[in-house]
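Visitor: Attaching a single structure in structure tokens format; questions to follow.
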Amino acid sequence: MVKVTRNYTLRSLNEFEIGLERYYSQEALEAIRNTVIGIAGCGGLGSNCAIMLARCGFRNFIIVDCDVVEPSNLNRQHYFIHQIGIPKVEALLEVLRRVNPDISVEFYHQRVNENNIQELFSDAHVLVEAFDSTIAKQMFYEAFHNDKRCRIMASGIAGFGHSDEIITRCLSYNCYIVGDETRDIKQEVPLAPRVTIAAAKQADIVLSHVLKNLD
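According to numbering that gives the first Met the number 0, the sequence shown holds residues 0 to 214 in order.
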């Protein structure tokens, strides 16, 4: 199933967007509002990262995920009990629009694979990897290895404690990885604190990348 929900028409700013003018220059606001964020996966990393980016003022997203919200997701993913059974991409759109009702989301309820990943995210300016599977993470890295766009990955965010070990490392030009690269969800359970820390770091890299390019 594929659904596209866009709000690209010219319009006045809503209260949320007016409030952001207190914190950004007009140039920064325009850069943020015109950036398209691609997020591969909207579980613990993707859902929390998307919400933080929306609160930063980003309003154009391409989001792809094949799962539905399950009770076991609610401990760390930005969803709610009433959304159980709903495709995550649809549930996330609902939550994003509670932050900013004018957010534009192109969302796809389907599995990302090596045959469609390039096309799905062809219009994104920044790419966020938010998969659970190590194999999927490797696929993302290989698909965009030579890409010049900013790419942010994550690895090693499970368990609890030792949160200072969740660091950001630059793999290559414009390619970053967040996590301790050790504590995988196959060995330890995924819990909100470390997952959210990693998602926040991913969001901060996106914001820093966009604002840094204003200089």
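Note that CB positions come from ideal geometry on N, CA and C, so glycine has one too.
Because the structure is a prediction, the values reported are computed rather than measured.
#1: Which first and last residues belong to the beta strand (DSSP E) in which V127 is found?
#2: Under the three-state reduction of DSSP, which class applies to V63: helix, strand or coil?
#3: Thinking L170 and R148 are a contact (beta carbons under 8 Å), I'd like their distance in whole angstroms, please.
#4: Taking the beta carbon of L44 as the centre, do at least 16 other beta carbons fall within 10 Å, making it buried, or is it exposed?
#5: Is it the case that the region 188-202 contacts the region 51-65, given that we only count it when at least three CB pairs across the two stretches are under 8 Å?
#6: Leaving out five residues on either side along the sequence, give the residues of the same chain with a beta carbon under 8 Å from the beta carbon of N212.
#7: Give me the Cα-Cα distance between E69 and A191, rounded to the nearest whole angstrom.
#8: Measuring alpha carbon to alpha carbon, tell me which residue in I116, L12, G158 and I36 is nearest T181.
#9: With a threshold of 8 Å, establish whether the CB of L126 neighbours any heavy atom of the ligand ADP.
#10: Ignore the nearest five residues each way along the sequence and tell me which others in S162's own chain have a CB closer than 7 Å to its CB.
#11: Tell me where the alpha helix (DSSP H) around T195 begins and ends.
#12: Measure the beta-carbon distance from Y22 to S46 and round it to whole angstroms, keeping in mind my assumption that it falls under 8 Å.
#13: Given that a residue counts as buried once 16 or more other Cβ atoms are within 10 Å of its Cβ, and exposed if not, what is L12?
#14: Counting Cβ pairs closer than 8 Å, one from the region 99-106 and one from the region 57-69, do we hit at least three?
#15: With a threshold of 8 Å on Cβ separation, who are the neighbours of C65 within its own chain once the five nearest residues in sequence on each side are excluded?
Guide: Straight from the coordinates:
#1: Here residue 127 is taken as the residue at index 128 of the sequence shown, counted from 1. It spans V125 to E128 - the beta strand (DSSP E) in which V127 sits, taken as one unbroken run.
#2: Residue 63 sits at position 64 when you count from the first residue of the sequence shown. Here V63 sits in strand by DSSP.
#3: Along the sequence shown, one-based indexing puts residue 170 at 171. Along the sequence shown, one-based indexing puts residue 148 at 149. That pair is no contact at about 14 Å.
#4: For the purposes of this step, residue 44 is taken as residue 45 along the sequence shown, with counting starting at 1. Buried, since its Cβ has 16 or more Cβ neighbours within 10 Å.
#5: yes
#6: Translated into positions along the sequence shown, residue 212 becomes position 213. Answer for N212: A30, listed in chain order.
#7: Numbered from its first residue, the sequence shown carries residue 69 at position 70. Numbered from its first residue, the sequence shown carries residue 191 at position 192. If you take the alpha carbons of E69 and A191, they lie about 15 Å apart.
#8: Position 182 of the sequence shown holds residue 181. That would be G158, whose Cα lies nearest to the Cα of T181.
#9: Annotation note on the ligand ADP: not contained in the displayed structure, which lists no ligands.
#10: As a first step, residue 162 must be located in the sequence shown, where it is residue number 163. Here the set comprises P192, R193 and I196.
#11: Taking the sequence shown and counting its residues from 1, the one referred to as residue 195 is at position 196. T195 -> alpha helix (DSSP H) spans A191 to K211.
#12: By 1-based counting over the sequence shown, the position of residue 22 is 23. By 1-based counting over the sequence shown, the position of residue 46 is 47. Going by Cβ atoms, the distance from Y22 to S46 rounds to 23 Å, so no, they are not a contact pair.
#13: Taking the sequence shown and counting its residues from 1, one reaches residue 12 at position 13. By the neighbour-count rule (16 or more Cβ atoms within 10 Å), L12 is not buried but exposed.
#14: yes
#15: Numbered from 1 along the sequence shown, position 66 holds the residue referred to as residue 65. Cβ within range, chain order: H108, Q109, R110 and V111.
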